[in-house]
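Per the working numbering, residue 55 is the first one in the sequence shown, and the count goes up by one each step.
For reference, the structure discussed in these notes is given below.
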Amino acid sequence: MKLSSEDYDSIVNSLKGQLPSLPMVMDELLTIIADPNAALYAIKDIIKLDTSIFSQILKVVNTVQYRGDAEPRISNLDDAMQRLGLEKVKRIALDTSVLTLFKGIRFPSKFSPESLWTHSVGVAIASSNLADFLNFALTDQVYSCGLIHDIGKLAKLKYDQKNFCEELNKAQESGWNNHQTEIAQIRIRHDLLGGKICKEWGISPVVEAVTKWHHEEDRSKRLDVEDVATHKIIDIVQFSNEMIKNIGFGFSGHNIKLTPSKRIMRRLKMTEMDVEEFENKLMQQLDQEKENIALFSS
């Protein structure tokens, strides 16, 4: 029997005290990222609270891409932030916080927090790039939504790892993706559970909505979503999620390739040529980011 909203509430309640709490730094970052007028000093105050973020910023800023070969190493936060710029600093800080969150959950042997995190970062990069491609202004907010969209999988792993592993195996055997497996076998849906987790943590309503509906193409079925911009963010993240899976960037639990949604393409006013052009640009961007992403595991 299909799980009700109350069933999902019960699962969330049973997980209280078992899931890692939302890091304070991440909570504050999401608030600042949602503010287009946020200044560099506001981010700086947050970074001072978390040495892992500061360390990661120094790793990235001292790569050849940002520092060059001849210049001395950068060791000062102010210099690092000036060199990287506000957008990059915000994303490094958020990526670090989310990876810490993922590592707080025990993963099965065939799945790792790093592989799911890499997939999530890929979706975040693709989503923000697609927002740029479409001249959609809320790129930072889109990035946050892409990064957090699969948070429900963490909750499923914590709630019942055995069943989750069975779903992963079934997806590989049947040629279904995770979402199709959840529906076909009437299992806990990671998207709906993720939305409940976001609400429990007090994450922004936009992130909650995107997490909850990132597999739903039909806007009329996205309950409680009335804002046109939020619908567009959901479309962008859903489209980007499938593209990143097809590219094979990271691992979200399956390797099934799906064709881009024609319905979402129409709503985003993208032709086949637009999709091809965007994918080529995205591949170049992902290649540039691979070195920086690898630094998070070093």
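Quick reminder that beta carbons are idealized off the backbone N, C-alpha and C, glycines included.
Once DSSP output is grouped into helix, strand and coil, what is the label at R320?
The residue labelled residue 320 in the question sits at position 266 within the sequence shown. The answer is helix: DSSP assigns R320 an H, G or I state.
In its own chain, which residues sit with a C-beta less than 6 Å from the C-beta of A263, not counting the 5 before and 5 after it?
Residue 263 sits at position 209 when you count from the first residue of the sequence shown. For A263, where only same-chain residues beyond five positions count, the Cβ hits under 6 Å are V279, T284.
With a threshold of 16 other CB atoms inside 10 Å of the CB of T313, please say whether the residue is buried or exposed.
Residue mapping note: residue 313 aligns to position 259 of the sequence shown, counting from 1. It counts as exposed.
Less than 7 Å between C-beta atoms, sequence neighbours within five positions excluded: which residues of the same chain meet that for E172?
Within the sequence shown, residue 172 is the residue found at index 118, counting from 1. It is Thr, not Glu, that sits at residue 172 in the sequence shown. Around T172: F303, G304, I347.
D194 and K142 - do their beta-carbons sit closer together than 8 Å?
Stepping through the sequence shown from its first residue, residue 142 is reached at position 88. Stepping through the sequence shown from its first residue, residue 194 is reached at position 140. For K142 and D194, no; Cβs fall outside 8 Å.
Please give the ranges of any alpha helix (DSSP H) in the segment 217-293, keeping only runs that are unbroken, at least 4 residues long and fully inside the region.
Listed in chain order, they are 232-238, 244-255, 259-267.
Please return the same chain residues whose Cβ sits closer than 8 Å to the Cβ of F108, not counting the five positions on each side in sequence.
Here residue 108 is taken as the residue at index 54 of the sequence shown, counted from 1. Contacts found: I101, K102, L131.
Distance check for I65 and K113, CA to CA, integer angstroms please.
The residue given as residue 113 occupies position 59 in the sequence shown. The residue given as residue 65 occupies position 11 in the sequence shown. The alpha-carbon atoms of K113 and I65 are separated by roughly 39 Å.
How would you write the range of the alpha helix (DSSP H) that L188 sits in, first residue to last?
For the purposes of this step, residue 188 is taken as residue 134 along the sequence shown, with counting starting at 1. First-last for L188: undefined, no H or E at that position.
Determine the contact status of F156 and L222, defining contact as a CB-CB distance below 8 Å.
Here residue 156 corresponds to residue number 102 of the sequence shown, with the count starting at 1. Here residue 222 corresponds to residue number 168 of the sequence shown, with the count starting at 1. The answer is no: Cβ separation not under 8 Å.
Does M55 come out as helix, strand or coil in the three-state DSSP assignment?
Here residue 55 corresponds to residue number 1 of the sequence shown, with the count starting at 1. Coil, per DSSP.
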